[in-house]
Each structure stands twice: as C-alpha cells, then as structure tokens.
Amino acid sequence: MSILVDKNTRLLVQGITGRDGAFHTRMMKEYGTNVVAGVTPGKGGQEIEGVPVFNSVEQAVKATDANASIIFVPAGFAGDAILEAIFAGIKLVVCVTEGVPTLDAVRAIAVARTHNTRIVGPNCPGVISPGKAKVGIMPASAFQPGCVGVVSRSGTLTYEIAANTGEFGQSTVVGIGGDPVIGTSFIDCLKMFQDDPETKAIVIVGEIGGNDEERAAEFVQQYVTKPVFGFIAGQTAPPDKRMGHAGAIISAGSGTAEEKIRAFQSAGIDIIYEPEQLTERLRAKL
Amino acid sequence: MSILVDKNTRLLVQGITGRDGAFHTRMMKEYGTNVVAGVTPGKGGQEIEGVPVFNSVEQAVKATDANASIIFVPAGFAGDAILEAIFAGIKLVVCVTEGVPTLDAVRAIAVARTHNTRIVGPNCPGVISPGKAKVGIMPASAFQPGCVGVVSRSGTLTYEIAANTGEFGQSTVVGIGGDPVIGTSFIDCLKMFQDDPETKAIVIVGEIGGNDEERAAEFVQQYVTKPVFGFIAGQTAPPDKRMGHAGAIISAGSGTAEEKIRAFQSAGIDIIYEPEQLTERLRAKL
Amino acid sequence: MKIHEYQAKAIFSDTGIPVPREKLATAPPEAKKAAEEIGLPVVLKAQVLVGGRGKAGGVKKAEKLEDVESIAGQILGMNIKGLEVTKLLVSECVAIKAEFYLGITIDRARRKPVLIASAAGGVDIEEVAKKTPEKIIKIEINPLLGLLPFQARNVGMALLSEAKLATEFTSLALKLYRLFIQRDCSLVEINPLVLTGGGTLLALDAKINFDDNALFRHPENESLRDLSSEEPKEIEAKNAGLSYIKLSGNVGCIVNGAGLAMATMDLIKRFGGEPANFLDVGGSSSPEKMVTAMRIILSDPSVRVILVNIFGGITRCDDIAQGLIQAKNEADIKVPIVARLVGTNADRACALLADSPVLSATKMSEAVKLAVARAKEAE
Amino acid sequence: MKIHEYQAKAIFSDTGIPVPREKLATAPPEAKKAAEEIGLPVVLKAQVLVGGRGKAGGVKKAEKLEDVESIAGQILGMNIKGLEVTKLLVSECVAIKAEFYLGITIDRARRKPVLIASAAGGVDIEEVAKKTPEKIIKIEINPLLGLLPFQARNVGMALLSEAKLATEFTSLALKLYRLFIQRDCSLVEINPLVLTGGGTLLALDAKINFDDNALFRHPENESLRDLSSEEPKEIEAKNAGLSYIKLSGNVGCIVNGAGLAMATMDLIKRFGGEPANFLDVGGSSSPEKMVTAMRIILSDPSVRVILVNIFGGITRCDDIAQGLIQAKNEADIKVPIVARLVGTNADRACALLADSPVLSATKMSEAVKLAVARAKEAE
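This is the structure we're talking about:
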C-alpha cells in the first residue's frame, strides 16, 4: 500500500500545454506515473509528451477514466480548474499552482467536501509514493520506496527531509502546501498513514504560522501508535513577516516555532533540528 | 401512520407575533398540534397563545426540542427564515408565506437538500394529518381522519377536494404550494403515500403551469399500486396569463390542463372533473 | 414582469454585453433621424411585449434613407396580437457569420437556474427543443456557486470551437448570469446571439423577464413598466392586492385561492356557462378588498351575475360577508349575487348575510349551477 | 497588504458603514484647520501600519483649538515601532455608550470565513480571546452562502439586546462581509464599533488587510499601497518575483522554497552563524532572478558570504548555476559564494560551475558550516 497515489492512479494534467505542465508531464511519465490525459481549452486534439489533450475535464474523464488530477494552470484560474475537476467526478485533485486567492481556495474546498473529493494544496509540490506514482513536481532522485510517511507544508524542505530517510525510504510523501487555507491537513495525512500498513514511521514537517501543527500534535497523542518525528522551520523568522509562503507568518505572537515545538514535544513527537539527523533517529526507533 | 406530521411533531412558529402567525398558532393549538415555541427577533421572553417566544430559532430549538417549523414571516425575510430553521437542525419546514422571490426559494431548497431538511412550500397552506396534527392554515372543519392521501398545488381547492373524500377521510393532506419552485413535489408525496400503510388511495390536485403533474403521472405508472385520482384546475385559463399562483401559467403553449389530463389518463389516474364527484369515485374503488 | 427589447438592451449595455448601435423612435421622422445617425442599412423593429412580431411584419429592413420613414409609418400603429405598436427600435444592420441562442431561466423541475444554448439561433427555441433536442445544450447551475467559468467556457467551445471566441463567450455568459441574479430575473435571453462579420459576439435581440415576487426589492424596475400594455382593471386589482384577469363570459366570480378560482371557472364552463373573469381575493382578505373586487367585476358590462365562492382558511368568511354588505351599501348593485361561504367563520358570515338579498348555497356545484342559471335568465 | 485607518474608513464609508467625521492632515496647521471644520474636541490619531500606536502615544485628544497644533506636532514625526508618522487623522470626538469588537477573517483550521464579535471592544481582541474566551462570539460562515442575515441578527441581539439596534447591526455586518468578499480581504475589523450617545452604531476605528494572492484582480488596491512603510529592497525583490526579508546577520542566503529557506536560516544559527536575510528565489527560476537576488543581497554591507542552497524540483539547478555565473560576470563579487545544488539538473549545474571559484558542497549541513566559517573569517 501507500496513501493517495499508487499504480491505480490514472492522472489528468490540467494546464498540460504550459511550460511547467508539459515539463512535469514528461517527468511524471518518466517516473512511471500513468498520465492518461491533459486538458487545455482550445488545444483539444493535440498530444503533449504522448498524452492526449482535451478541451475540458469532462471530455478527458469520459475518454480516459482519469481518477486524479494535477493542476498547473495560472493562479487566477486554479480555483475554477479545481471545481471543473470536482464536477467531472475526479476524487483526488493536487493543485501545484502558487498564489491562488484564499477565497478561491475556500470555495473550492467547500465544494470538494460535499463531493467527497480530496484536494491537496494549493501551492504544494504534490504527492509521491516512491516506485509507484509521482503526482507532483518533486525531483525523483530524492525519493526511494520504503516505509516512512512524510507530510509537509513545504516543497524543497520536504525533498531535503525525504532524502534523509536513508535506507528506510518513504511509503508516501505528501506536500500539503504552504497557503493559509489548504485542502488536506496534517491530521488528514496522519490518519491515512496510521491506517497504512506499509508506513512504519511518520515525519511531520511543519513551519511557522497557523496552528495546524498543534492540532496534529493533539491527534498524534490520541490516535497515532507509530513513531512520529517532527521538524519545524522558522525558528529564526521575525514576527509579522510573511516568510515566502502565504501561510508562514507569526501574527499577534501566535504561530511561532517555539509553540509548535513545544506542542510536538508534549505529544511525544521526536524533534529533529537538523534534517540530516533524521536517518540516525529512524535507525534508533525502527 | 400518516406522513410528514403527527402526534410527535413539536412545532415552532416563525413569525408568531404577526397577525396571521398569532391567529394560526391559536387555531393549530386548538386542533391539538403540539406548538412548542415561537420566534420573533426582539420579542423573546413573551408568550403568544401560551407559547413561549424566542429571539432565534437556535434558542427555541435548544429550549424546546422543536422538530418542525411553520413560517409566517413576510416574503422578503422568508428565505432567510427557512435557512435559519435548517441551520438550527429543523427537519421539516413548512413555508406558508406567499410572494417569496424565486431565487430565495431556489437557494433555500438547495441548502435544505444538503442538510436533509424537507421544505414544504413556499406559498402553501401546509400539512394536516387529521386528528393528529395540523401544521398549516387550513380550516379544521374540512378534514376528517381517514385513509385518503391528498397532495395539491393549491390552497382552498385542496380544502374543497378534501371535504369531498366523504366517509373515507384523509390520512394526510399536503399543500405543496403554487410557486414555480417549491421544496416538495408531487412525486415526493406520492412516494410517502405509497409507503404509508394508513393511506389507501391518493388524490393529486394539479393545475396549469410547469410539468410536475406529468412527472407525477410517470411516477404513478411505474411505482404506485394504490388507486390514484387526479383533478386539474385551469381548463378555461387563457395562455400567458399568470393565474394567481406564480407558477400557474401556460407559457409557450406548454403547461396546459389538457396535457396534464392526458398524462394522468395515460398513467391510469382516475380523472375527477367536479370536486363533488370524488366521494362516489372513492366508493367505487375502495 | 416583461420589458421591451430596447430596455433590455440598455441593461445589457450597462452590464457590458455588446449590443448593436440603435435608437428608439416613436414617429417616422425620428426614425429617419436615427437611421442617419446610425448609418444605412438599418433594421426597424416594433417594440411590443408579445412574441411573434417578426411573423406579424413588425421587423423590417430599410436599405435607403427614404424608405425608413415609410416603413416606420407602416410599423408604428400596427396591431400585433392586440397590442398597438407605439415604439420602434432603429438598429444598425450587422453582418452575420453565425447565429446562436443563449438564455438563462429557472428549471422548475430541477429547482435551479439553467443555461440554455444552441447553435440553432434566431428561431423559436421551444420548437428546436421539441424537434431537435440534440441541438440544445442545457447546463444546470448550482445556485450556491453560480455559473462557473469552466461551464460557460465548455458551452463556448461547443458552439464556437475557437478558444478565443470561447473566452469571449464565457465573459458574456458570466455577465448575463450576474444580471439574471442581481436583478432577480425569471428569464434573460439573447436570440439571436450573433458572431459578426468582424468576428465578435453581439446580442442582436434581448429579452428580460423579472420575477414578480422579487419586484419589491427592485424599485429600479418600476420605471421600466409599460402600463399601456396592461389591462387597466388588472392593474387596479393588483394594486388592491387582488389577482384579476378579464375573460369573455358573463358569470363574474370572486373566489379565494387561485386553484379554487380556476376550478370555479372550469365548473362554470362545465355547467354550460362562461366565466367573465378570474379573480382571487388572496390570502389575507378584508372587507375593503371585497368592495374593490365587486367594483372591478361590475365595471365589465357583460357581467350578469356574481358568484362568490369562498373556502375559508386564512381568509375569514365574515370578512367576505362584511365586504359584500359594504359593497351593496355603497353602490346600487343590480346583478344577483350567489354566495357560497364555507370554512373559517362561515357561521358568522351566514348570520351577517341572513337578511341580505344574497343567494346562498353550501355546495360548490349548487352555487355554480345557480349562478349559471341566473346569468342565462338575465341575457 | 495592509492599509491605513483613514483609507479603510474611506472604503467603509463607500460601503455604507458609518464612520466619524474626520480629515487627514500631514502638518500641524492642516490639523488645526481640520479641527476647526470638524468641531472640538477632536482626537488626533497617528496613521502607521503597526499595532499599538495608542500605547506608544500616537492617539491623543485635543480639547482646545490651540492644543491641536502642538499635539499634532508631537505625533507627526514620532517613531512608532520603527515607522515614522507622516500622516494624522483628525477625528470628531464621539460620545460613547458602549464599545464592541467586530471582525471578519479566514479561520485557517475551519477553512472558511468567520465573524468574530465581542462586547469587550476597544481592547486587544487576542487578549480577550485568550483570557476570557466566553466573551467572544464566533460565527462560522458557509462560503457558498455568505453571512446570512439571521446569523448577523443573532449576533446583534446578543450584543445589543434591542431589536432595532440588532437590525442596524445586521445591516452593518452584512455590508462588512460583502466588502470582505468583494475586495478579497484577509481581515476586516472594527475595533471599537461604538454605540454613540445618539443611539446609533459607528466604526470608530477601521482595519482592512487584503489577501496578497488576490491583489492581481484588484488593481484599485495599488493606489492604497504605502511604499514608505516597506523596505525598498523587499519591494525590489517582490517585483523580481523573489521573496526577500532583511535580517541582521552576515550570512546572505539564496534558497529555493520558503520552508528550506527558513530551515537554512535556522541551521546557520544552530551552527553559530547569523543569517543576513530570508530569500526564496521561488518556483520558476531563471538566471535573471539569480542575478537580481545576488544584487539585493550584496547591497547589504553586512554580508560576508553568500550561501546558495537549492533542492531542484520546478527550479532547475542549471538555471541557478547559469545565474551565478552571469552575476559574477556582471559585477565584481568580493564575498565568497558557497553553493549546494541538488535535484533537477544538478549534474548540468555541476558541470557549469566546475571552473568557477564557487565553493561546492553536497550536504546541507556541510554547506552551512562552510558558509558560517567563511563569514567568521571575514569579520
């Protein structure tokens, strides 16, 4: 097993004809992901990297039975693209696009809930179940099949952490995204990892802003029996400054790294201060 | 049994302090309906006809466990009143108010569906299960406990028809309302009547406009095993004129009484041309 | 509430939906002046609140300036389905590559707005829907989300194939939907929506109907009302809270409830009579409303008898009886009155009418038969 | 994006939310003139984009006209949390019966807008929420429905008890919500919302933050931006598609990804160094962006070393290497550069940098230690 994506994933790429869409379609195909269709309105009938392009998600799903979608369309259109995927019956939507207006995300997530669709992101690197499927923009070389589940608000930091799981490799790595409002939370992933027999340990990669880490810590304390490791970025971040991610901001003194580290510690989560320490810690617990 | 309302109905009256709200609260109480609460913002703490008044539906439900609501508030506020009832967890909302903007009804009905709330109306006389509960504005004298289920788009015509069920009386009489967009359709009621062991025969009282009667006829043909009688008002109505009810209009040649009578006939529904004929027809079939 | 094409186009224009250059004229010289300003050829279109004006000769093209006045003269004053043409729209003549239909309305069965589009534009869409339903595109709109850009774009792609035009269509359809919602319409329609020779989309015709139930929150619509196209007595009735429609028979009727009113009319016909009107006194009755109802009905000289059929619920029979007595006191009513009052406070009503010359009945059939008989006697 | 109180109040006023009579002043005589027009007493309020101006002495009342100029002189030019006060709001002094808090923001955990209200207004709401959470009313808003009138009214009843005032509150709250949605805000706040001596509601203060991600569809917000309150280098970076924040250390860093950039800063600190900045080159990198990043970092005279830490994904390492080479070609860079490039196209990047003086490392810890060591040597 693994979570969210695997060999049964039949992927649709929304915005396949753009620079990033086309590039990552090739990378995902090379990785072995079953990319079955692409969508760019007006470009229907073309092929990109051997993948048929359709004018609409509905047409693409009808023709190819796609069951997951990854979105590369520009920020102003991403909310609508997510809704198009939901309305066409897609059950997993990974939104890579950065800079999506918060209210668009709020709306799309509200609709997704009533349709039982899972949204990952926006502003996320995607999901990879190493050796099975990559639905995202992460470099393949950082990932190895294995037993550590990684869930992270970050992109490149996730690759760094994953690369340090050493000989244990990863069952699935989920980049949930750095925006204030995202479709999939730490807790959503913790539930799935806890239930996934292939996952033996879990790493949570958090950062300043919000309190998703604190809620994740509570959940770990109550429900997670597997070893959990935690990393929090932003201990040196100044207050009231948005640190790149729209969601990474300490405001009114809350959302600090200290609070999150404290919450992790009191939930029995093993804190990692240097990414490269992860390997030995895993060795100690597994 | 019976459908929609009975002795377990704990009724809330929204707009209880208005002329009609207060009058019909007394009439419903006199009939034996368990009216447990009323709501009029700003009048919380008062009593009307011995019924405690609250400022909000939420407070009323918390204090009295009301499970059904009847709405008498003015047209401009009725849509919001329905939503307030839905959000407070009420599962049956009867909207008597006439003149509710169509888009308000559309919105409220869309929300009701996601909350599993049944809306009857707007612009309807309500529901009565004779001898058990009256949630509406119909005159008690027209109704007798019995075995005929009546469903109607009209108000007074319904009383007329019900009064002509003679010795058979009525299990439940539902006035679904005369607006183009209403929460409960003929089919919804036909399903319930078909499943209600106490109902032995069903009368559908339709009128010009729309095609709810035609869809009801199809449903009767496929699923209803009980004897069904049909009455259609508006055989002499001119085209393109709204006949009182917002929904009663023949437009672009469709929605005529002839079409509906034909649909009823081909579904094996026994057509009643004069309300007073109903008694003998029931005698013939029951 | 219906409004004229020229009014709908002004609203479209405010909303950013492109319409042809055009001017309203109420007299032939005005039409000529408008044509000069717009440039020839022009199309002259009768402004009447009924369909089928094209077939009735109410839409004509003028190639030369000298023709404009004479054609305008033909159209102005024309009677189309009972309505006199008093206004004319002088419109630029647009080169047309393709014609489409685009409309938004409420689907009663689905209880939500629907967008309807078709590549078969410029013709009767009801006909298209009946004969070639495959040519109709129908998009259900979630009322909590509104028309979504991707939905509009997919329709645009289906109609226009080209991405650039689909984007133009999307923008236009979203504006049309916003208008539909913001002004509480029951129908907005562009038929035809044309692709011009210049390659852009243009609303060649425009139709907007407003939801009567929502007019109270749109005072801006009142100034758009064309009272000349409405029956004065129907307006008077509406202002009094009554719903009245004039018919051609001689049995006047006053009923509470639209369904019962129609059923009463149907029964009059069934028993050999002809209803003179539809009249619903409405839910909350008052004696004053009865007085108005009587006056309106009696102003129709064909009326030979008044049938009052009331099944009291919200309406109280004593209010009705009170009104009847008051009406009789205020005016010398010559025609006989047949009253059948049952339901809420029927006993009190009975007592009130005991000494009056009003003929009473308890069954509906009885009352109708009595009224029909009196009407026949009086003719 | 934050805007000033006076700007937020202008928007409130346009939206129909009542605000006090007030005028902006940038010099003491102007303040005096404003006070004359408004009428005494007045309150003078420093306009700065940070909280806590009251405690810092930036809000003062003037009873007499002769005091206005001197108090204005005290406040203008004041430095509040590093920002100079250049604008002053002269506001009428309102008689206050009660003070409330009203705000709308996005609840990250619930993923929807929330309305927050409290009878404890005029004070730090975060404090109230922490110490006396029972004084906070929090209403979840279904984003597909918006704030519903009954929800607003129920809050109004809870705060104000009286039906008439609750209705006034409802209208105000609905306007505030409409504003929140229509202008893509991340926060709208009235603290305090006051019940005046005259018995009406008034927004005595106003705060609006816009969602940065949605600014692209609100060109009207650009003119509201107060560039004087932003670090010029941060603006330059943003214009180049970079995310840069100046810090006080001497290890400049260029990283791709916000999380990795923060982790790099944290590791510099952990290994005994001090980061000079946060800099995320963003997802789609190009050599030009790297050149700009280098220029921005080098303009900080404290910087003794540049640490480039890239884990390639969307970002391609060869683009980064290209940029480094280009930057070195364009300017004479004196400080050492430590680069750690792994992931997409790392091999090509390696080849490009083979002959350059850039110090390479493969592990993050190694690179950070090297950079910290070089920075220490250079001091």
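Protein chains in written order, with the working numbering: chain A, 1 to 286; chain B, 1001 to 1286; chain C, 2001 to 2379; chain D, 3001 to 3379.
A virtual CB, placed ideally from N, CA and C, is assigned to each residue, including glycine.
Closest by C-alpha distance to residue i, when choosing among the options
i, options, result
"ILE3011(D)", "LYS3060(D), ILE3190(D), ALA3327(D), GLU3162(D)", "ILE3190(D)"
"ALA2351(C)", "SER2013(C), ILE2320(C), VAL2123(C), LYS2363(C)", "ILE2320(C)"
"ARG2183(C)", "GLU2222(C), VAL2128(C), LYS2363(C)", "GLU2222(C)"
"ALA162(A)", "VAL181(A), GLY146(A), SER154(A), ALA142(A)", "ALA142(A)"
"THR3315(D)", "LEU3179(D), LEU3242(D), SER3228(D)", "LEU3242(D)"
"GLY3252(D)", "THR3132(D), PRO3301(D), LEU3102(D), LYS3033(D)", "PRO3301(D)"
"ALA1110(B)", "ILE1128(B), VAL1135(B), ILE1137(B), GLY1079(B)", "GLY1079(B)"
"PHE229(A)", "THR184(A), ASP240(A), THR279(A)", "THR279(A)"
"ILE1128(B)", "GLY1146(B), PRO1197(B), LYS1285(B)", "GLY1146(B)"
"ILE1204(B)", "ASP1020(B), GLN1170(B), GLU1198(B), LEU1092(B)", "GLN1170(B)"
"PHE1168(B)", "GLU1213(B), ARG1026(B), PRO1238(B), LEU1282(B)", "LEU1282(B)"
"PRO2113(C)", "ASN1116(B), ARG1113(B), ARG1107(B), THR1117(B)", "ARG1107(B)"
"ILE232(A)", "ALA112(A), ALA257(A), VAL93(A), ILE250(A)", "ALA257(A)"
"LEU2307(C)", "THR2026(C), LEU2260(C), GLY2077(C)", "LEU2260(C)"
Residue i at chain B interface by Cβ criterion, 7 Å
i, result
"LEU3176(D)", "no"
"PHE2952(D)", "With chain D represented from 3001 up to 3379, any question about residue 2952(D) goes unanswered, as that position is not in the structure."
"PRO2143(C)", "yes"
CB contact below 7 Å: residue i versus chain D
i, result
"ILE109(A)", "yes"
"ILE202(A)", "no"
"ILE187(A)", "no"
"GLY1230(B)", "no"
"ASN1116(B)", "no"
"PRO1180(B)", "no"
"PRO1313(B)", "Residue 1313(B) is absent from the structure shown; chain B starts at 1001 and stops at 1286."
"GLY210(A)", "yes"
"GLU291(A)", "Beyond the ends of chain A as shown, which are 1 and 286, falls residue 291(A); an answer cannot be given."
Any C-beta of chain A under 7 Å from that of residue i
i, result
"LEU2201(C)", "no"
"ALA2163(C)", "yes"
"ASN3191(D)", "no"
"ARG2153(C)", "yes"
"GLY3312(D)", "yes"
"VAL2157(C)", "According to the sequence provided, residue 2157(C) is Met. The question's Val does not apply to it. Answer yes: the Cβ-Cβ gap between MET2157(C) and chain A drops below 7 Å somewhere."
Burial state of residue i, where buried means 16 or more other Cβ atoms lie within 10 Å
i, result
"ILE3125(D)", "buried"
"GLN1265(B)", "exposed"
"GLY32(A)", "exposed"
"HIS1115(B)", "exposed"
CB contact below 7 Å: residue i versus chain C
i, result
"LEU1190(B)", "no"
* Taking a Cβ distance cut-off of 8 Å, strictly less, list which residues of the region 74–100 of chain A are near chain C, in chain order. => PHE77, ASP80, ALA81, LEU83, GLU84, PHE87
* the region 3325–3351 of chain D: which residues have C-beta closer than 7 Å to a C-beta of chain A, in chain order? -> GLY3343, THR3344
* To do: Determine which residues of the region 2349–2369 of chain C have a Cβ less than 7 Å from any Cβ of chain B, and write them out in chain order.
  => LYS2363, MET2364, SER2365
* Taking Cβ-Cβ distances below 9 Å as the criterion, which residues of the region 3067–3101 of chain D are in contact with chain B? -> none
* To do: Please list the residues of the region 2252–2275 of chain C that have a C-beta atom closer than 7 Å to any C-beta atom in chain A, keeping them in chain order.
  => none
* **Contacting positions in the region 3097–3126 of chain D - beta carbon closer than 8 Å to chain A** => ILE3106, ARG3108, ALA3109, ARG3111, LYS3112, PRO3113, GLU3126
* Asked: Looking at chain B, which residues of the region 2223–2247 of chain C have a Cβ within less than 8 Å of any of its Cβ atoms?
  -> SER2243, ILE2245, LEU2247
* **Selection of the region 231–245 of chain A by Cβ proximity to chain D, strictly under 9 Å** => PHE231, ILE232, ALA233, GLY234, GLN235, THR236, ALA237, PRO238, ASP240, LYS241, ARG242, MET243, GLY244, HIS245
* To do: Return the residues of the region 1137–1164 of chain B that lie within a Cβ-Cβ distance of less than 7 Å from chain D, sorted by chain order.
  => none
* Taking only runs of the beta strand (DSSP E) that begin and end inside the region 2300–2339 of chain C, which ones reach a length of at least 3 residues, in chain order? -> 2305–2312
* Which full runs of the alpha helix (DSSP H) of 4+ residues lie inside the region 207–264 of chain A, going along the chain? -> 212–223
* Every unbroken beta strand (DSSP E) inside the region 3060–3120 of chain D [3 residues or more] -> 3088–3092, 3096–3107, 3112–3118
* **Contact residues within the region 52–71 of chain A, judged by C-beta distance below 8 Å to chain C** => ASN55, SER56, VAL57, GLU58
* At 3 residues or longer, and completely inside the region 3025–3056 of chain D: list those beta strand (DSSP E) runs for me, N to C. => 3042–3046
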